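> For the sequence shown, the residue numbers in the working numbering are 34 to 264. Beta carbons: idealized from backbone N, C-alpha and C, even for Gly. Keep in mind the model is a prediction, meaning the values are calculated, not measured.
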Amino acid sequence: MTFKALFKPKWQHKDWKVRRAAVKKLKDPELLANIAKSDDSEYVRKAAMEKSDDQALIADIARNDQDCSVRIAAVERLDPSEWTDLLTDIAKNDEFELVREAAEDKRDPIFGKIRKLVVSGSPSAARQSGEAWPLIRFLYDKLEEGGADERKKAAHYLCYLPSVGHSDSIDRLMLALRKEDSLEVVKSIVWALRGLEAKTAIPELQAMVNDKRYSAIREGIKDGIDYLSGQ
């Protein structure tokens with residue numbers, strides 16, 4: 034070890050583990066910000082970001098850090114009331130699915146809870162415990178009154194959270210289908226009806242096949258009809 038190295042601060046040590054330990058003891062906001070944006074190790078950058086209360090810094094890291102795990106950690110520390118637009122942008126455009134999902138969950142925690150239930154494969158247990166029903170009612174409300182993205186997500190999750198053949202969910206999806214203008218939302222509703230095995234929807238879907246408004250998604254509607262018809 035050189036004489037100069039003896040007096041070098043530990044947050045500049047060549048070993049990232051030593052640097053991370055040192056960062057956890059730092060209190061200087063400017064120094065933490067510099068380390069959070071410039072250290073070579075994602076572990077050290079993450080530790081520095083987690084020590085900072087600067088939401089602008091955290092937002093910058095959530096958007097720009099080169100490592101997805103650091104971006105996820107930053108997303109989880111953002112105030113959703115202050116950074117709604119950024120979370121929306123990350124949820125749509127980050128190159129990694131896990132970062133996009135973290136932003137979605139942060140932007141709307143209830144949708145995040147539903148997504149985790151579906152991904153974990155436990156909707157059945159949630160229905161048995163009663164946990165699913167408030168969430169299903171939340172999806173009904175979003176399907177009826179939400180923005181296009183919310184309606185699309187609500188229809189998507191109604192494919193999985195209710196039990197197959199759940200008549201109330203099918204009725205609400207059919208009602209939403211009749212008044213929906215967004216083709217992306219219509220596609221999501223058709224997928225949900227398929228997942229719920231809503232055979233009663235077949236006549237209405239058949240009528241949509243011949244409706245010019247749905248020409249861009251006609252093949253998807255036909256697939257839904259074929260599935261529900263058992264073909």
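Over the uninterrupted alpha helix (DSSP H) stretch that includes Lys146, give me the two end residues.
Mapped onto the sequence shown, residue 146 falls at position 113. Its alpha helix (DSSP H) spans residues 142 to 152.
> Please classify Phe171: is it buried, with 16 or more other beta-carbons within 10 angstroms of its beta-carbon, or exposed?
On the sequence shown, position 138 is the one that residue 171 refers to. Buried.
> How is Pro42 classed by DSSP in three states: helix, strand or coil?
The residue labelled residue 42 in the question sits at position 9 within the sequence shown. Of the three classes helix, strand and coil, the one that applies to Pro42 here is coil, per DSSP.
> Within its chain, find whatever has a CB closer than 6 Å to the CB of Met241; leave out the 5 residues flanking it on each side and keep chain order.
Counting from one through the sequence shown, the residue named residue 241 turns up at place 208. So the qualifying residues of the chain are Tyr247, Ile254.
> Inspect the beta-carbon positions of Lys60 and Arg52 and report whether they are closer than 8 Å.
Locating residue 60 in the sequence shown gives position 27, counting from the first residue. Locating residue 52 in the sequence shown gives position 19, counting from the first residue. No, they are not a contact pair.
> Considering only residues of the same chain and omitting the five flanking positions on each side of Leu111, which have a CB-CB separation below 8 Å?
Position 78 of the sequence shown holds residue 111. So the qualifying residues of the chain are Gln88, Ile91, Ala92, Ala95, Leu119, Leu120, Lys139.
> What's the gap between the Cα of Gly180 and the Cα of Ala158?
For the purposes of this step, residue 180 is taken as residue 147 along the sequence shown, with counting starting at 1. For the purposes of this step, residue 158 is taken as residue 125 along the sequence shown, with counting starting at 1. Between Gly180 and Ala158, the C-alpha separation is close to 29 Å.
> Can you list, in chain order, the stretches of the alpha helix (DSSP H) that have 4 or more residues and sit fully within the stretch 107 to 135?
As far as the stretch 107 to 135 is concerned, its whole alpha helix (DSSP H) runs of at least 4 residues are 117 to 126.
> Taking its Cβ as the centre, do 16 or more other Cβ atoms sit within 10 Å of Glu213, making it buried, or is it exposed?
For the purposes of this step, residue 213 is taken as the residue at position 180 of the sequence shown. It is buried - the Cβ of Glu213 has at least 16 other Cβ atoms within 10 Å.
> What's the C-alpha gap between Ile250 and Lys220?
Reading the sequence shown from its first residue, position 217 is the one you call residue 250. Reading the sequence shown from its first residue, position 187 is the one you call residue 220. Cα-Cα distance, rounded: 7 Å.
> Hey, would you say Ser200 sits closer than 8 Å to Leu191, going by beta carbons?
In the sequence shown, residue 200 corresponds to position 167, counting from 1. In the sequence shown, residue 191 corresponds to position 158, counting from 1. In this structure, Leu191 does not lie closer than 8 Å to Ser200 by Cβ.
> Are the CB atoms of Ala106 and Lys70 within a distance shorter than 8 Å?
Reading the sequence shown from its first residue, position 37 is the one you call residue 70. Reading the sequence shown from its first residue, position 73 is the one you call residue 106. No. Outside cutoff.
> I need the DSSP call for His199, collapsed to helix, strand or coil.
Counting from 1 along the sequence shown, the entry for residue 199 is found at position 166. The answer is coil: DSSP assigns His199 none of H, G, I, E or B.
> On the CB-based measure, 16 or more other CB atoms within 10 Å of its CB, does Ile143 come out buried or exposed?
Residue numbering aside, residue 143 sits at position 110 when the sequence shown is read from its first letter. Exposed, since its Cβ has fewer than 16 Cβ neighbours within 10 Å.
> Compare the Cα-Cα distances from Asp259 to each of Ala165, Glu230, Met82, Ile123 and report the closest residue.
Residue mapping note: residue 259 aligns to position 226 of the sequence shown, counting from 1. Measuring from the Cα of Asp259, the nearest candidate turns out to be Glu230.
> DSSP state of Asn97, grouped into three classes?
Within the sequence shown, residue 97 is the residue found at index 64, counting from 1. Reduced to three states, the DSSP call for Asn97 is helix.
> On the CB-based measure, 16 or more other CB atoms within 10 Å of its CB, does Phe36 come out buried or exposed?
As a working mapping, residue 36 is identified with position 3 in the sequence shown. Below a pLDDT of 50, predicted positions are generally treated as unreliable, and Phe36, at 43, falls in that range; no measurement from the model is reported.
> Going straight from the alpha carbon of Gly198 to that of Asn67, what length do you get?
One-based indexing of the sequence shown puts residue 198 at position 165. One-based indexing of the sequence shown puts residue 67 at position 34. So the alpha carbons of these two residues sit roughly 56 Å apart.
> What are the uninterrupted segments assigned as alpha helix (DSSP H) that are 4 or more residues long and contained completely in the stretch 48 to 96, given in chain order?
With a minimum length of 4 residues, the continuous alpha helix (DSSP H) runs that stay inside the stretch 48 to 96 are 49 to 56, 62 to 71, 75 to 84.
> Is Val56 near Lys84, with beta carbons less than 8 Å apart?
What you label residue 56 is simply residue 23 of the sequence shown in a count that begins at 1. What you label residue 84 is simply residue 51 of the sequence shown in a count that begins at 1. Result yes, Cβ atoms of Val56 and Lys84 sit closer than 8 Å.
> Whole-angstrom Cβ separation of Glu75 and Asp48, contact assumed at under 8 Å?
Working through the sequence shown from its first residue, we reach residue 75 at position 42. Working through the sequence shown from its first residue, we reach residue 48 at position 15. Contact doesn't hold; Cβ gap of about 15 Å is too wide.
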